[in-house]
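In terms of the UniProt record's numbering, the sequence shown has 58 at position 58, counting the first letter as 1, and numbering is strictly consecutive.
Quick reminder that beta carbons are idealized off the backbone N, C-alpha and C, glycines included.
Here is the structure we will look at.
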Amino acid sequence: MRPLPELTPENTAFWTGGAEGKLMIAFCSDCSHAIHPPQLVCPKCWSEKVESRAVPGTGTVYTYTVNHQPWAPGMAVPFALAVVDLDGAPGARVTAEVVNADPESVTIGQKMKVGFLNLDDVWFPQWEPAQ
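Below you can see the structure in the form of C-alpha cells.
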C-alpha cells in the first residue's frame, strides 16, 4: 500500500481534483506563474494570491525512470515513473507512475495523458501514453 499524502490548504485541490477527472495545478493570480508542487506563495513574484485551476491533463515526458525494486512490500515491479511537462502550465512538471504501458516502452518526448488512482479519497495522478 502506498503512503497517503497529508492534505494541506495548498495541496488539497491537487490531491482531490481527480474525483472530477481534473488535474489541478496552482497558479499565481498576479503573474500567472504555474506552481508545482503547490505552495501558498508564488516563488516568482512572492504574491499570496495563489489559486488552483484545471489544466488539460496532457503533456510530454521530460524524463523517466524504470524501477526494478519495490518501494513497499507487495509492490509490482518493474514500474515506470515519468516527469511530465504539462500542457497549459508552462514550467510545471508532475511526476507520476506510468500505467497501461510496458515500463520499458516509455521514452523522452512521449505524449502522455493523465488518469487517476483513488485511495481513501486521495486521487493519485497516473500517466499513460496518449496514443
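Contact check, residue i vs residue j, beta carbons under 8 Å
i, j, result
"LYS44", "HIS33", "yes"
"ASP87", "PRO56", "yes"
"ALA92", "MET112", "no"
"VAL77", "GLU104", "no"
"GLU128", "VAL83", "no"
"ALA72", "ARG2", "yes"
Residue i to residue j span [Cα, whole Å]
i, j, result
"THR16", "ASP102", "27 Å"
"SER29", "THR63", "29 Å"
"PHE124", "SER47", "28 Å"
"GLY21", "ASN118", "11 Å"
"THR58", "VAL114", "6 Å"
"ARG53", "PRO38", "11 Å"
"GLU51", "CYS31", "12 Å"
"THR8", "PHE14", "10 Å"
"VAL61", "GLY109", "5 Å"
"GLN126", "VAL106", "13 Å"
"CYS42", "THR12", "17 Å"
"HIS68", "MET75", "10 Å"
Cβ neighbours of residue i in the same chain (closer than 6 Å, five flanking residues each side left out)
i, result
"ALA89", "ILE25, ALA34, VAL55"
"GLU10", "PRO38, GLN39, LEU40"
"GLY18", "PHE116, TRP123"
Exposed unless 16 or more other CB atoms sit within 10 angstroms - verdict on residue i
i, result
"ASN100", "exposed"
"ALA96", "buried"
"HIS36", "buried"
Near the ligand GTP: residue i beta-carbon under 7 Å from a heavy atom
i, result
"GLU51", "Although the ligand GTP was asked about, the structure shown includes no ligands whatsoever."
Chain-order list of residues whose beta-carbon lies under 7 Å from that of residue i (same chain, five-residue window excluded)
i, result
"LEU4", "LEU119, ASP120, VAL122"
> In the UniProt domain "ChsH2 C-terminal OB-fold" (53–116), which residue ranges form an unbroken beta strand (DSSP E) of at least 3 residues, counting only runs that do not cross its ends?
Replying inline: For the UniProt domain "ChsH2 C-terminal OB-fold" (53–116), whole beta strand (DSSP E) runs of length 3 or above, ordered along the chain, are 58–67, 79–86, 93–98.
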